[in-house]
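To keep things clear, I will list the structure first and then write my remarks on it.
There are 6 protein chains.
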Amino acid sequence: MLRRMDKPISRFPVPKLEELPPDVRARIVEVQEKAGFIPNVFVTLAHRPDEFRAFFAYHDALMLKEGGLSKADREMIVVATSGANDCHYCVVAHGALLRIYDKNPLIADQVAINYRKADLVPRRRAMLDFAIKVALRAQEIEEADYARLREHGFTDEDAWDIGAIAAFFGMSNRLANMTSMRPNDEFYLMGRVPRPPKG
Amino acid sequence: MLRRMDKPISRFPVPKLEELPPDVRARIVEVQEKAGFIPNVFVTLAHRPDEFRAFFAYHDALMLKEGGLSKADREMIVVATSGANDCHYCVVAHGALLRIYDKNPLIADQVAINYRKADLVPRRRAMLDFAIKVALRAQEIEEADYARLREHGFTDEDAWDIGAIAAFFGMSNRLANMTSMRPNDEFYLMGRVPRPPKG
Amino acid sequence: MLRRMDKPISRFPVPKLEELPPDVRARIVEVQEKAGFIPNVFVTLAHRPDEFRAFFAYHDALMLKEGGLSKADREMIVVATSGANDCHYCVVAHGALLRIYDKNPLIADQVAINYRKADLVPRRRAMLDFAIKVALRAQEIEEADYARLREHGFTDEDAWDIGAIAAFFGMSNRLANMTSMRPNDEFYLMGRVPRPPKG
Amino acid sequence: MLRRMDKPISRFPVPKLEELPPDVRARIVEVQEKAGFIPNVFVTLAHRPDEFRAFFAYHDALMLKEGGLSKADREMIVVATSGANDCHYCVVAHGALLRIYDKNPLIADQVAINYRKADLVPRRRAMLDFAIKVALRAQEIEEADYARLREHGFTDEDAWDIGAIAAFFGMSNRLANMTSMRPNDEFYLMGRVPRPPKG
Amino acid sequence: MLRRMDKPISRFPVPKLEELPPDVRARIVEVQEKAGFIPNVFVTLAHRPDEFRAFFAYHDALMLKEGGLSKADREMIVVATSGANDCHYCVVAHGALLRIYDKNPLIADQVAINYRKADLVPRRRAMLDFAIKVALRAQEIEEADYARLREHGFTDEDAWDIGAIAAFFGMSNRLANMTSMRPNDEFYLMGRVPRPPKG
Amino acid sequence: MLRRMDKPISRFPVPKLEELPPDVRARIVEVQEKAGFIPNVFVTLAHRPDEFRAFFAYHDALMLKEGGLSKADREMIVVATSGANDCHYCVVAHGALLRIYDKNPLIADQVAINYRKADLVPRRRAMLDFAIKVALRAQEIEEADYARLREHGFTDEDAWDIGAIAAFFGMSNRLANMTSMRPNDEFYLMGRVPRPPKG
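Residue numbers (the working numbering), protein chains in the order written: chain A, 1 to 199; chain B, 1 to 199; chain C, 1 to 199; chain D, 1 to 199; chain E, 1 to 199; chain F, 1 to 199.
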């Protein structure tokens, strides 16, 4: 398994691929083939296979579903809320995905540092205002917050998506900070340099 | 399905049992038979079956596993962190479970209001200090926090359990506040009055 | 004097009834005859008879006076602000009174945990918004806060009552946390179970 | 009654002396004769005679009692905690008293702005640390806080005094901010200029 | 050089006038001749001559320039934001200047303690709201904040002045707290007592 | 002058080079020749030439001086405190400088997101703890903070440097957020890709 030797990925034991249950291993091999490397969140959480399975089932239910939010929208919510939660792993790894999906090499840093000053259309600003409120002050969410989303064309189902992504990655941010989960070096540069066209 | 008619359970649509996928319905029927009623978290989250499945798989992985924490310890972590997050549903519902598992009719209110003044042995105080730090300031968790847990006999695996429960219910608290999830009236009284012995 | 032997009522000395000045003792005997037990705040504060006298004179001036607020309204202010101040004694003891006066076994837990999600008519929501602002950010109170109360039918005298109760119990919460004042076990269950009609 | 005409003393009605109950009026006349003017807190609170009586009874019980704290110590606690609570009236009025009792024209401004940088002996620094914790985070007070006071020679009774003064003026600060209570112009200069010796 | 012997001006070395570069010394002598004493900020920062030069060049660019803000307005911004930052030196020293420029012996204490309750016309209230937002939550400044200033007659250039003064003294407050910079005793009384007319 | 046409650099007017005073223009031309582009902070602040001069004189006094801190140390302090202040411009622009001076393509993102989880030797961790305390809670700085720096080999003069850089960029962060200063696109990628050796 590809792994940096000098810096620990996690403060907890990190299993070897061959020690893992077949379904967990299969999932990891699949992502490795697609991405070219194994994102550290997979091997960190594989320390607990049952939690691994639930975590990624939840992740897929929120991030791969159809709906009013694009893939870039979803990753943008992750980056903004992970920035608010000071989560090293999620800002770096999902920042890479956001740059790629949004085809914008600047947007992830902007959103992570201060989404209020980022290059955002009003619809996305409203989306992130709701997400950040769920992340930091969910106890104060009220109908007026949903009404503001509707002004920007978001349905109630979209609102659930926004809030649930903020809530799920709030958990993920806490797990990553608790385990000192280290983002792979590969993420830092992904999506920053335009790729030459194939062919 | 048993449901209070006058107060909404959730601000989102609540599905009827017969509309649900069989596995989701089966899980709900099972809990209904065991508890005598359907906790509202089940029908609220059933609005999104994939998320329902992942949520309860994660819940079970954390709350039903073996390990150094008792069932009462686990519910105590839920109540303390849900109190810190001002989550109506989780304090009331898991407060009931904590009273029952701990056979202590006072402990849930104490822990939810101010765990520092609750009737706790030092081991549990340390457990909740770690849980609350993950809930509120996970970005500041460091090795000294693990060391303090070890002084009270907790292993690193116990620490993962404590932190992961705090993180998972941090997500649950945000979902409940976002959906205005209403705890069932039944929970408020559970575990407060000693039951007469059967026979 | 009735007192739990195993858990201290206060971290300060708790006087015996017979040691107290006659007026202080008389007040305690009176409440004992009415309630069936002596609420611990009486014996905790009796350690300082002059402060005891002033405290209860102030309490009575605010809680027993006539005006636009019902007894349940007043106790609801106490419970909401004591929840915001994490005060074990006041949430439990005044939660019992709120359940009884409001004839609602659920309301105290709701208001203590997150009053924004409680079963409240808009008038009471406005009342608690004002009370919580006095409790947590009194330096920012301005005329707009009074205007909002007036929209819900509260007079300026009602506003004084709301704010003064929040301020007085802000003191009480700090005294209770400072002395580790323990609520009597009796309070936890009061008002939760409907009493059978007499006769 | 002496009163500035152009700036309201309180946003609530301010009674005339001759309208007041005799005991309330007597107290006010007494302070007027002693101070040379009527501090505005008296006429503001006289709007509610029962609360006036309880407030000043409590005030006297805490501020005039014998014990390990000097008068200057007590006023210093008021000034530091009122600064933390952004209370205009109490910082200005009690700042005057502190300057006079401590015979130090600089100390009140220092303590109100940032007591950590004030000219304080370690005993007083510890006293104010405890007072500020009661004012801002009473829910976190624990035995270690009392132990630190003992290192500086404070008894448990002194600790009660310190905390009770912080709690009482926490109430007073909230009442003053709620009523927009205006400090008398006279207070600003009191104790700043050395008085020539009589004779 | 005039200096109190018993209390240090700064926790860092304080140079003697004769050790300083001629331009730094000239600036200090100039202020001494004008004020009658050397404000301690000059000798504290003279420990670093290059920083001294840049600091006072910046100070003069902001505080001595022409524009829509009066000298009293500028000092009022300093006092309000320095109060919010708990800065002993700046509240005391610039409080003196504010009293003098505004010919108002009460205003500095009012603004430092709680500007919301100070004797302010609405224009100045809006000015301080903007300044305090730059001091405490600059990351949330948006066009609506500028719009509110315009309602009170402030231009965009005035807005820059307000915000830049808040930002510059935010730096000064941090330097003063870091060095434990002590305000000169002379400042405390300046502007409090009306001066008799000359002649 | 090179400038992105579609996104404003600043919400205030941005002068053309030829309109600027010669010394200001010379400084800008100098940095343009060295960097290959004009960092937007130069043209944003050039709107106010006097402030421009003082700002960069202060910047140079702190960032170019000799002493115990390396250039990378100084930029690291800027990035960590600008991250804490949510400053878009300073995190992006000084992040580029930090990557270059430290020859580490990962360090700037790590430090900006959560310096506690960054790849830091203990000396640098202590340096940033001090800097962050000056940035966020300077009023609580005390001798113990200096003592901790000394344990890691920092002199008092180094401490001044650390704190003064944190204070100066606290001003810069506020100016950048106030003006919505936009970082140049060029900064985002600088120092991320190893340069091929020349020759």
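Glycine residues also receive a C-beta, built at the ideal position from the N, C-alpha and C atoms.
How far does the alpha helix (DSSP H) with residue i in it reach, from first residue to last?
i	result
isoleucine 9 (chain D)	Note, isoleucine 9 (chain D): premise wrong, no alpha helix (DSSP H); not H, not E.
glutamate 51 (chain C)	49-63
phenylalanine 169 (chain C)	156-179
leucine 98 (chain F)	88-102
glutamate 30 (chain D)	22-35
valine 148 (chain F)	What sits at residue 148 (chain F) in the sequence shown is arginine, not valine. Looking at the DSSP string, the run of the alpha helix (DSSP H) that includes arginine 148 (chain F) is 143-151.
isoleucine 77 (chain A)	71-84
lysine 133 (chain E)	122-137
glutamate 186 (chain B)	185-189
isoleucine 113 (chain C)	107-114
valine 43 (chain B)	40-45
Less than 7 Å between the C-beta atoms of residue i and residue j, yes or no?
i	j	result
glycine 170 (chain A)	glycine 170 (chain B)	yes
leucine 120 (chain F)	alanine 108 (chain F)	no
arginine 174 (chain E)	alanine 138 (chain F)	yes
isoleucine 28 (chain C)	phenylalanine 12 (chain C)	no
tyrosine 58 (chain D)	phenylalanine 168 (chain D)	yes
tyrosine 188 (chain E)	leucine 106 (chain D)	yes
glycine 191 (chain F)	isoleucine 100 (chain F)	yes
isoleucine 9 (chain A)	isoleucine 77 (chain A)	no
alanine 61 (chain B)	aspartate 50 (chain A)	yes
alanine 135 (chain D)	threonine 179 (chain D)	no
alanine 46 (chain C)	valine 24 (chain C)	yes
glycine 83 (chain F)	valine 91 (chain F)	yes
Given that residue i touches chain D, what residues does it touch there, using C-beta distances under 7 Å?
i	result
aspartate 102 (chain E)	What aspartate 102 (chain E) touches in chain D: nothing, since even the nearest Cβ is about 14 Å away.
Taking C-beta pairs closer than 7 Å, name the residues in chain A that residue i reaches, listed in chain order.
i	result
arginine 53 (chain B)	Ala57
List the residues of chain E that residue i touches, going by C-beta distances under 7 Å, in chain order.
i	result
leucine 106 (chain D)	Asp185 and Tyr188
methionine 171 (chain F)	Ala167, Phe168, Gly170 and Met171
Show which residues of chain C have a CB atom less than 9 Å away from the CB atom of residue i.
i	result
alanine 200 (chain D)	In this structure chain D extends from 1 to 199, so residue 200 (chain D) is not present and cannot be described.
Can you name the residues of chain A whose CB is closer than 8 Å to the CB of residue i?
i	result
glutamine 32 (chain F)	The premise fails here: glutamine 32 (chain F) is roughly 21 Å from chain A at the closest Cβ pair, so nothing lies under 8 Å.
Please list, in chain order, the chain E residues whose beta carbon lies closer than 8 Å to that of residue i.
i	result
arginine 27 (chain F)	Correct list: empty, because the minimum Cβ distance to chain E is about 14 Å.
By the criterion of Cβ-Cβ separation under 9 Å, what are the contact partners of residue i in chain E?
i	result
arginine 116 (chain A)	Gln139, Glu140, Ile141 and Glu142
leucine 98 (chain F)	In chain order: nothing, as chain E lies at least about 21 Å away.
So residue i contacts chain D; which residues on that side make the cut at Cβ distance below 8 Å?
i	result
lysine 7 (chain E)	Asp119
isoleucine 113 (chain E)	Gly83, Asp86, Cys87, His88, Val91, Val92 and Ala112
Are any of the Cβ atoms in chain I nearer than 7 Å to that of residue i?
i	result
arginine 174 (chain B)	Included in the structure are the protein chains A, B, C, D, E and F, with no chain I among them.
Taking Cβ-Cβ distances shorter than 7 Å, what residues in chain C pair up with residue i?
i	result
asparagine 177 (chain D)	Ala138, Gln139 and Ile141
Give the residues of chain C in contact with residue i, contact being defined as C-beta atoms less than 8 Å apart.
i	result
arginine 192 (chain B)	Tyr188, Leu189 and Arg192
So with CB distances below 9 Å, who are the chain D contacts of residue i?
i	result
serine 180 (chain E)	Lys117
If the cut is a Cβ gap below 8 Å, which residues of chain B does residue i touch?
i	result
phenylalanine 42 (chain A)	By Cβ distance, chain B contributes nothing, its closest Cβ being about 16 Å from phenylalanine 42 (chain A), past 8 Å.
Contact between the region 32-43 of chain C and the region 176-189 of chain C: three or more CB pairs below 8 Å? They touch, by the three-pair rule.
Note down, in chain order, all residues in the region 123-154 of chain F with a beta-carbon under 8 Å from any beta-carbon belonging to chain D. Gln139, Glu140 and Glu142
Take every Cβ of the region 111-118 of chain B, pair it with every Cβ of the region 128-143 of chain C, and state whether three or more of those distances are shorter than 8 Å. no
Check whether the region 122-131 of chain A and the region 15-33 of chain B touch, using three or more Cβ-Cβ pairs below 8 Å as the test. no
Would you call the region 150-158 of chain F and the region 58-68 of chain F in contact, with 3 or more CB pairs under 8 Å? Contact between the region 150-158 of chain F and the region 58-68 of chain F is present, because at least three Cβ pairs lie under 8 Å.
Residues of the region 67-90 of chain B with a CB closer than 8 Å to any CB of chain C: list them in chain order, please. Gly83, Asp86, Cys87 and His88
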